[in-house]
Amino acid sequence: MHVDAIRAWINTTDPSSPSKSSSPSPDSMSSPSKRRREDDPFVDLDKTPRRPNAEDILDKPAPSLIIPASTTGSTAPASVFTGILASRPHLPSQPSQLPGSPSPSKQYRDRNDLLRLDRPVRFIPEADMKKALPADIHDRYDQLAIIEFYEAILPAALKDLPGVKIPDVRPHMWQPPDESQERKTILDRHHRLCELVERSEESSKRRRSEAAWNSLVHSEVLYQLSRTSSVTFEDITSARIVPRFRPCNTTPIEFPSDEANESSIGSYSTNTTTRSSTAKSVHKMVDFALALEPDQDLAAIIQQFMKTSPDATLNQTAYYPLKTRPAPVFIETKTSAANSETASVQLGVWIAAWHESMRSLLKLGKFDEPVITVPCIQVTEGTWTLMFAVDAGEELHILERNFRIGNSGTPIGIYQLQAALSAISQWIEGTFKTWITRVLLKALA
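Using the working numbering, read the sequence shown as starting at 486 and increasing by one per residue.
Here it is in structure tokens:
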């Protein structure tokens, strides 16, 4: 019930209003109360008023409220009451967004949607990926391409260890002998990797959820295989993008109206589509990041930068573990190949936001150079696939092919993954650390 109607009803019951004798008349004593017609809606005047929703108002006619004649003989308040109800427009306030209009982030469901961003994200299949990649990543690409073909991924010491059997081994898979490696250390690590393979196989057979895969398999894989003295992994499933780094879309988009709503509203609706040209930011999240643990010198530079940073973060997120640790490599996981499109969109948005944060650093330092090329990874159950994010000026290009760098579900696959993650960690410790240090120093100059 509307607030004006309540005020009018209060006026009819105000004890301060002049009234005649309160004693009942014989007519009122003998007349039975009228029965409510079955087709009339019941109106409880003592019920706490609530705002009607669209369905209540649009799907039903305005209620007719019958006020019994006052026993006091005063009809003016009732007339005011019914007059107010009749004069109120029977239509809810115009919503800011049609019920059928998806939120900005939900509009981005496949790769083609990313082309509508102000700075489009374009996935590009490349048969000759090295030729398409910038020179700053060529050496690391060569190393990872060797690992892709299983070359030199198995420790030579495993050949002669009793009880160690790895199926389908080929001669090119063995590393050169290394006398510095202790056999016991290699054997202990082999047993830990075999446990990961068992977990991966079990998770696949039991069709575990993405969250279960992340906690039981992927987190352990990253903990065992990617960590070095200065590179660690972070679970960032709850990390959110800082608003000013979120990719935006200012391209007008048309959304069809709901036909049911259109017919209900009738003459109040004059358009069949809604057109929006307001800039809308897009937000997606990913699962893991590989982060650089700064040494003393880099930590001091970052600390100085944080004092002037408007977002108090070095990356595109204010998630605390990544605020002061540069994180260039991101990983999105899924449980089936059918979800690969969704994974691509999530990675695309997240890396686009990281690019925006790095471009802001380059702008501070008045650099005239692109953002460094970085690896990015999609994981489907146990299979890990590598891509590269390239700064192409007006666009962000993600170069891809079927570049598989490991599988946690097989013994050879887990050793391949160990070699690939080790190579990526070395790149973070070397090439990337040099780049981010140079960019920060110039941004502070």
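In this text, a Cβ means the ideal position worked out from N, Cα and C, and glycines have one as well.
- Going by DSSP, ALA908 is part of the alpha helix (DSSP H) stretching over 896-912.
- The DSSP assignment places complete beta strand (DSSP E) segments of no fewer than 3 residues inside the stretch 764-842 at 773-777, 814-819, in order along the chain.
- With 16 or more neighbouring CB atoms inside 10 Å of its own CB, ASP772 falls in the buried class.
- Contact between the stretch 828-835 and the stretch 905-920 is absent: fewer than three C-beta pairs spanning the two stretches fall below 8 Å.
- When the alpha-carbon of LYS918 is set against those of LEU600, THR858, ALA641, the nearest one is in THR858.
- At a Cβ-Cβ threshold of 8 Å, THR865 and VAL682 do not count as neighbours.
- Contact between ARG596 and GLU880 fails: their C-beta atoms lie close to 13 Å from each other, not under 8 Å.
- Beyond the five residues adjoining it in sequence on each side, HIS840 comes within less than 6 Å, by CB distance, of VAL856, LEU881 in the same chain, given in chain order.
- About 19 Å separates the Cβ atoms of ALA620 and ARG886, ruling out a contact at the 8 Å cut-off.
- Shown here, PHE608 sits in a strand according to DSSP, grouped into three states.
- For ARG677, there is no enclosing beta strand (DSSP E); the residue is found in the alpha helix (DSSP H) stretching over 668-690.
- Bounds of any alpha helix (DSSP H) do not take in MET872; it lies within the beta strand (DSSP E) bounded by 868-877.
- Assignment of PHE917 by DSSP, reduced to helix, strand and coil, places it in the helix class.
- Looking at the backbone, the Cα of TYR900 and that of ASP598 are separated by about 37 Å.
- Residues of the same chain with a CB within less than 6 Å of the CB of ARG684, apart from the 5 flanking positions on each side, are LEU701, VAL702 in chain order.
- Scanning ARG729, ILE816, HIS676 for the CA closest to the CA of ARG844 turns up ARG729.
- In this model, GLN788 and THR809 are separated by some 8 Å (Cα to Cα).
- Per DSSP, ILE632 is one residue of the alpha helix (DSSP H) stretching across 623-633.
- Per DSSP, reduced to three states, the secondary structure at VAL859 is strand.
- In the three-state reduction of the DSSP assignment, THR722 falls in the coil class, being assigned neither a helical nor a strand state.
- Three or more pairs of CB atoms, one per stretch, sit closer than 8 Å, so the stretch 712-724 contacts the stretch 801-817.
- Under the criterion of beta carbons closer than 8 Å, SER842 and ASN800 qualify as touching, at roughly 6 Å.
- Straight-line measurement puts the Cα of LEU707 at about 12 Å from the Cα of ALA776.
- ALA637 sits away from ILE671, with the two beta carbons spaced by 8 Å or more.
- PRO640 has its alpha-carbon roughly 17 Å from the corresponding atom of SER893.
- If you check the CB distance, VAL727 and LEU847 do not come in under 8 Å.
- Rounded to whole angstroms, the Cβ separation of ALA905 and LEU629 is 6 Å, and the two are in contact under 8 Å.
- Here GLU695 carries a helix assignment [DSSP, helix/strand/coil].
- For GLY878, there are no CB contacts under 6 Å within the same chain when 5 residues up- and downstream are skipped.
- Put simply, of LYS792, GLU664, LYS851, ILE816 the residue whose alpha carbon is nearest the alpha carbon of PHE873 is ILE816.
- DSSP places LEU599 outside any alpha helix (DSSP H), giving it a letter other than H or E.
- Within the same chain, Cβ atoms closer than 6 Å to the Cβ of ALA803 are found at VAL727, the five residues on either side in sequence being excluded.
- When C-alpha distances from LEU646 are compared across HIS676, GLU686, PHE852, the shortest belongs to HIS676.
- Per DSSP, the continuous beta strand (DSSP E) segment holding GLU880 begins and ends at 880-885.
- With a threshold of 16 other beta carbon atoms within 10 Å, THR798 meets it and is buried.
- Under the 10 Å beta carbon count, ALA812 is surrounded by 16 or more other beta carbons and is classified as buried.
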